[in-house]
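Reading through the structure tokens given below for one structure.
There are 2 protein chains.
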Amino acid sequence: MQMLDAGKKRLAAHGWRSGDAADFLCLSSEEAAFVEMKLALAGYVRELRTTRGLTQSEVAARLGSSQSRVAKMEAADPSVSVDLLVRSLLGLGASPADVARAISAAA
Amino acid sequence: MQMLDAGKKRLAAHGWRSGDAADFLCLSSEEAAFVEMKLALAGYVRELRTTRGLTQSEVAARLGSSQSRVAKMEAADPSVSVDLLVRSLLGLGASPADVARAISAAA
DNA sequence: GACACTTATGTCGGATGTGACATATTATCG
DNA sequence: CGATAATATGTCACATCCGACATAAGTGTC
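Residue numbers (the working numbering), protein chains in the order written: chain R, 1 to 107; chain C, 108 to 214.
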């Protein structure tokens, strides 16, 4: 599996040692792609939040969630689903097209 | 909320009466957008499967799931998450970029 | 009609995700 | 250095999702 540089950097930035993340973690290419998507969406959550000068607590209140979960979203914690990430992005005002763009950026 | 024609048709095709689905079902625009995304992904699952001339059972076997769940995926049943839809699409060979395209198409 | 195949629908036990809370860690500013 | 705000991490009860199974409904073919 050939991973793009952007992907490697993002994985590394999250403390996941990687030459090739898929090899190292024994991820199939599908699993790796899934993780990539989650990281892209997680980053977009943080981007939308910081761009608007909001704290995690403020975002949590708006989403009906908690600060800790927002932190986990932005960290792409294994305990957060793509479902939650997408719902949160829409709740922050992103459109489906915006979400699609964020995913494409990960490619 | 102003829903695009493609969206109306898709909702109607699923038996959801709609002038404006958001109004009728009392969905917020975010909820409506979320449903739209699910429908787009569900349709893409079916498209990938039929294009390859596979039955739901065959796809289920490949994904390590069951025929009934595949049927529910394609029907965008409330019990299936975006998570599962995305994982399934990746399992069927779609790339994150492909997934993004499917979502954009819903917009 | 009867039969085989495919897809749809209903249900359920076990797995996973979620919000909430407590608590740590990390700034930032006197 | 405290003190305060923001973010990160750990845990848990409760909710939701998932695969599995049964079964209904649709689609051909004979």
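Just so you know, even glycine gets a beta-carbon here, dropped at the ideal spot from N, CA and C.
Since the model is a prediction, treat every value here as computed from it, not as a measurement.
The beta carbon of G64 (chain R) sits no closer than 8 angstroms to any beta carbon of chain C. The DSSP-derived three-state label of P96 (chain R) is helix. The beta carbon of L84 (chain R) sits closer than 7 angstroms to those of M73, all from its chain and outside the five residues before and after it, given in chain order.
Here L27 (chain R) carries a coil assignment [DSSP, helix/strand/coil].
Under a criterion of Cβ atoms nearer than 7 angstroms, no residue of chain R is adjacent to L161 (chain C); the nearest Cβ is some 17 angstroms distant. The C-alpha of S57 (chain R) lies about 42 angstroms from the C-alpha of R169 (chain C).
S65 (chain R): not part of any alpha helix (DSSP H); DSSP gives it neither H nor E. Under the Cβ criterion of 8 angstroms, D190 (chain C) is counted among the residues facing chain R. Annotation for V166 (chain C): R156 and V177 place their beta carbon closer than 6 angstroms to its own, counting only its chain and skipping 5 residues before and after.
Relative to R159 (chain C), the option among C:K145, C:L199 and C:I210 whose CA is nearest is C:L199.
Short of 7 angstroms from the beta carbon of D77 (chain R), and not among the five residues preceding or following it, lies no beta carbon of its own chain.
Per DSSP, the unbroken alpha helix (DSSP H) holding V86 (chain R) starts and ends at V82 to G91.
Taking the C-beta atoms as reference points, S104 (chain R) is found no nearer than 8 angstroms to A209 (chain C). Note that the C-beta distance between L90 (chain R) and L41 (chain R) is not below 8 angstroms. The Cβ atoms of F34 (chain R) and V193 (chain C) sit closer than 8 angstroms to each other. Just so you know, the alpha carbons of G43 (chain R) and D98 (chain R) end up roughly 13 angstroms apart.
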